[in-house]
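Q:
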Amino acid sequence: MHNVYQIKNVCKTYPNGHKALNNVSININQGEVIGLIGVNGSGKTTLSSIIASLIPLTSGEVLYNGKSIYDNISKHRQMIGLCPQKINLDNRITVKENLINDALFFGLSRKEAVERFNVISKKLMLQEYENSYPATLSGGYKQRVSIGRSLMHDPKLVIFDEPTLGLDPHIRKHLWDIILDLKKDGVSVILTTHYMDEVEYLSDYICLLHNGEVKFSGTLDELKKERNGNLEDIMVAISEEEA
């Protein structure tokens, strides 16, 4: 499997002195779903934000195909899709306009943006709502629109931050199918979630963070073998060990 991103010895210390990440290293392969797990405050959001180039690292490297993302940060951002936990759609414009504007921002022509919208809206079953305003939609459909917006510029890596939090089971399952479709298309995915069934169903590889450090990286089977338990029990045990 082709290695796309390398996170090497990444550290992040905030101005207040809080050390959010300490020597974090992971590889992200093409078409691979990485389950990024850990309790609140473990460093998941900080790591995702660094990979998406939303915040700077303190030390270490983030490489794409062996080259630093900071060599051409605008090009890197065009290859990243980010679906944040807090939905931030523009309620002043329609669903279609929200998605089209994202594509235009990333350099697609209007013709390309419309063509891409038609593909994404069909995939996410949004055709019926393309002229609706986000504020009128249910939570599940708002999340679909947010996911659609993150995919409009055809990214190589998509970061999902708690994408199914608070959603009904059937909507969660549909979003799982979307993530698996991305994987089939060769898109890499970072998934942060507190739902362990989600991690087990979707992830090829797991990175478990605690207090800003990688406590485990590998497959689910490797983790269960190493720690001798199910995923939820392992999470609790690691938290208690570090308490």
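Residues 1 to 243, numbered by the UniProt record's numbering, are exactly what the sequence shown covers, in order. We put the CB at the ideal spot given by N, CA and C, even for glycine.
Using a Cβ-Cβ cut-off of 7 Å (strictly less than) and excluding sequence neighbours within five positions of Leu182, which residues of its own chain qualify?
A: Locating residue 182 in the sequence shown gives position 182, counting from the first residue. Excluding sequence neighbours, Leu182 sits near Val158, Val189.
Q: By how many angstroms is the C-alpha of Gln78 removed from the C-alpha of Ala52?
A: Translated into the one-based positions of the sequence shown, residue 52 becomes position 52. Translated into the one-based positions of the sequence shown, residue 78 becomes position 78. Rounded to whole angstroms, Ala52 to Gln78 spans 10 Å at the Cα level.
Q: How big is the Cα-Cα spacing for Leu57 and Leu36?
A: Numbered from its first residue, the sequence shown carries residue 57 at position 57. Numbered from its first residue, the sequence shown carries residue 36 at position 36. Distance between the alpha carbons of Leu57 and Leu36 is about 18 Å.
Q: If you reduce the DSSP assignment to three classes, tell me which class Ala135 lands in.
A: Position 135 of the sequence shown, counting from 1, holds the residue named residue 135. Ala135: helix per DSSP, three-state reduction.
Q: Could you give the uninterrupted runs of the alpha helix (DSSP H) lying entirely in the region 134-211, keeping only those of 4 residues or more?
A: The region 134-211 contains these whole alpha helix (DSSP H) runs: 139-151, 169-184, 196-202.
Q: Taking the C-alpha atoms as reference points, what is the distance between Ser64 and Gly218?
A: For the purposes of this step, residue 64 is taken as the residue at position 64 of the sequence shown. For the purposes of this step, residue 218 is taken as the residue at position 218 of the sequence shown. Note that residue 64 is Tyr in the sequence shown here, rather than Ser. Roughly 20 Å between the two C-alpha positions.
Q: Determine the DSSP secondary structure at Leu126, reduced to helix, strand or coil.
A: To locate residue 126, count along the sequence shown from 1; it is residue 126. Leu126: coil per DSSP, three-state reduction.
Q: According to the Cβ coordinates, are Arg110 and Met152 closer than 7 Å?
A: The residue labelled residue 110 in the question sits at position 110 within the sequence shown. The residue labelled residue 152 in the question sits at position 152 within the sequence shown. No, they are not a contact pair.
Q: Let me know if Asp161 comes out buried or exposed under the rule of 16 or more other beta-carbons within 10 Å of its beta-carbon.
A: For the purposes of this step, residue 161 is taken as the residue at position 161 of the sequence shown. Label assigned to Asp161: buried.
Q: With DSSP as the reference, label Leu89 as helix, strand or coil.
A: Position 89 of the sequence shown, counted from the start, is the residue given in the question as residue 89. If DSSP states are grouped into helix, strand and coil, Leu89 belongs with coil.
Q: Buried or exposed: Leu98, going by 16 or more other Cβ atoms within 10 Å of its Cβ?
A: Counting from 1 along the sequence shown, the entry for residue 98 is found at position 98. First, the residue type needs correcting, since residue 98 is Asn and not Leu in the sequence shown. Flag for Asn98 reads buried.
Q: Count the C-beta pairs between the region 231-238 and the region 198-209 that are closer than 8 Å, then say yes if the count reaches three, no if not.
A: Contact between the region 231-238 and the region 198-209 is present, because at least three Cβ pairs lie under 8 Å.
Q: Just to confirm, is the Cβ distance from Cys83 to Pro155 under 7 Å?
A: As a working mapping, residue 83 is identified with position 83 in the sequence shown. As a working mapping, residue 155 is identified with position 155 in the sequence shown. Contact: no.
Q: I'd like to know whether the C-beta atoms of Gly95 and Glu130 end up nearer to each other than 7 Å.
A: Position 95 of the sequence shown holds residue 95. Position 130 of the sequence shown holds residue 130. One detail in the question is off: residue 95 reads as Val in this sequence, not Gly. For Val95 and Glu130, yes; Cβs fall inside 7 Å.
Q: Could you pull the DSSP bridge partners for residue 244 from this structure?
A: Residue 244 is absent from the model: the chain starts at 1 and stops at 243.
Q: Considering only C-alpha positions, which residue in the set Asp185, Ile87, Val214, Leu175 is nearest to Glu198?
A: Residue numbering aside, residue 198 sits at position 198 when the sequence shown is read from its first letter. For the residues Asp185, Ile87, Val214, Leu175, the minimum Cα distance to Glu198 belongs to Leu175.
Q: Report the three-state DSSP secondary structure of Met51 (helix, strand or coil).
A: On the sequence shown, position 51 is the one that residue 51 refers to. Reading off the sequence shown, one finds Ile at residue 51, where the question assumed Met. Three-state result, Ile51: helix.
Q: State the Cα-Cα distance for the pair His170 and Pro15, rounded to the nearest angstrom.
A: Looking up residue 170 in the sequence shown gives position 170. Looking up residue 15 in the sequence shown gives position 15. Roughly 42 Å separates the two Cα atoms.
Q: Would you kindly report the start and end of the unbroken beta strand (DSSP E) that includes Asn101?
A: Locating residue 101 in the sequence shown gives position 101, counting from the first residue. Looking at the DSSP string, Asn101 is not in any beta strand (DSSP E); the run it does join, the alpha helix (DSSP H), is 95-105.
Q: Would you kindly check if the distance between the Cβ of Lys12 and the Cβ of Ser25 is under 7 Å?
A: By one-based count along the sequence shown, residue 25 stands at place 25. By one-based count along the sequence shown, residue 12 stands at place 12. No, these two residues do not count as a Cβ contact at 7 Å.
Q: Helix, strand or coil: how does DSSP classify Gln6 here?
A: Within the sequence shown, residue 6 is the residue found at index 6, counting from 1. Strand, per DSSP.
Q: May I ask which residues mark the beginning and end of the alpha helix (DSSP H) holding Ser74?
A: In the sequence shown, residue 74 corresponds to position 74, counting from 1. Residues 73-78.
Q: To the nearest angstrom, report how far apart Ser150 and Gly81 are at their CA atoms.
A: To locate residue 150, count along the sequence shown from 1; it is residue 150. To locate residue 81, count along the sequence shown from 1; it is residue 81. Their Cα atoms are separated by approximately 5 Å.
Q: Run through the DSSP bridge pairs and tell me what Ile26 is partnered with.
A: Here residue 26 refers to the residue found at position 26 of the sequence shown. Answer by DSSP bridge pairing, in chain order: Ile7.
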